[in-house]
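Before any comments, here is the structure.
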Amino acid sequence: MLEVQVCNLDVNSILTSGACFRYIIEDDNSITNILKDRVINIKQDKDMLYIKSSNYENLKEVIFDYFDLNRDYAAINKELVTNNCNLKDIISRCSNYRILNQDSFEMCISYIISQNNNVKRISKTINDLSKKYGTKVIFENKEYYLFPNYEQIKNITKDELKLFGVGFRDKYIKNFIDFYPSMKDLNNLSTKEALDELMKVKGIGLKVASCILLFGYKRLDVFPIDTWVKQFISNNYNIKNNQKEIEKFAKENFGKYSGLVIQYMFHSQRNIK
């Protein structure tokens, strides 16, 4: 077991925030989660994490990267509040929150699946795809399946995808898989270029592309806008309920941390409830 001391981190609220689709809350309140190359189980007791894994190789580095523990959120939050004093209450409710760094290929397909969908169905589809095409891992005497990589899923057909209940998204997933080998390395592109590259795929619009970059490529400057975001910004910042107006407002006020701010907004509302 790996023991890690952390500061200002709430594993449960991060993993259940809606951006992670493969966690399991166990009877002892620990959480089992499936990462790119391993299964982990985390139990938090105040500022200590107790982590078991199917693979202990560089586990501490993996955990720090996954929970974005190498980024100075305190400094970011101070900068955000200094420039936007009206964020003070929102950020104060999110001091334990982080943006997860998840596998980029998995995020691309997961967020295509997420369109007009709910978390329960998204999770089932991802788990079923993994069980059929991914690599089996035995952990704590149970079977788990890693999300399939490109080589494992490259020949899947739309008819096969339909078997997983993806509905109209079958052609979009297939479009992305076919496009993937020719896709430019998004890590080497500016955020605008990366968004444009992703939106070359029919079925990936601005919101899905933004989610992919935020949760799969560590781009905090994207600002995924859905109905909830439009309503929240319009009601709380006296901005017209219009996507272009909201995009302009976010860029001017939150800049390179726009994606983080929208997650704070959503997360703070969960905390209030």
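Each number in the working numbering corresponds to the 1-based position in the sequence shown with 1046 added. For each residue, glycine too, the CB sits at the ideal point set by N, CA and C.
{"Asked": "Alpha-carbon to alpha-carbon, Tyr-1119 and Lys-1092", "Found": "19 Å"}
{"Asked": "Check whether Cys-1154 and Gln-1309 have beta carbons under 9 Å apart", "Found": "no"}
{"Asked": "Limits of the unbroken alpha helix (DSSP H) element including Gln-1277", "Found": "1273–1283"}
{"Asked": "Residues near Lys-1089 by beta carbon distance below 6 Å, same chain, minus five either side", "Found": "Ser-1076 and Tyr-1096"}
{"Asked": "Beta carbon of Leu-1055 nearer than 9 Å to that of Leu-1115", "Found": "yes"}
{"Asked": "Selected residue, minimal CA-CA separation from Ile-1109, among Ile-1158, Ala-1121, Asn-1087 and Leu-1232", "Found": "Asn-1087"}
{"Asked": "C-beta atoms of Asn-1284 and Lys-1248 nearer than 9 Å", "Found": "no"}
{"Asked": "Alpha helix (DSSP H) segment containing Thr-1062, residue limits", "Found": "Thr-1062 -> no alpha helix (DSSP H), and no H or E assigned at all."}
{"Asked": "Distance between Ser-1150 and Ile-1292 (C-alpha atoms, nearest Å)", "Found": "26 Å"}
{"Asked": "Top-ranked residue by Cα proximity to Asn-1288, from Trp-1274, Ile-1159 and Phe-1261", "Found": "Trp-1274"}
{"Asked": "Euclidean distance between Cα positions of Asn-1299 and Lys-1182", "Found": "45 Å"}
{"Asked": "Nearest candidate by alpha-carbon position, reference Lys-1193, set Pro-1227, Glu-1186, Gln-1148 and Lys-1297", "Found": "The question names Lys, yet the displayed sequence has Phe at residue 1193. When only C-alpha atoms are compared, the closest one is Gln-1148."}
{"Asked": "Separation of Leu-1061 from Phe-1113, as counted between CA atoms", "Found": "9 Å"}
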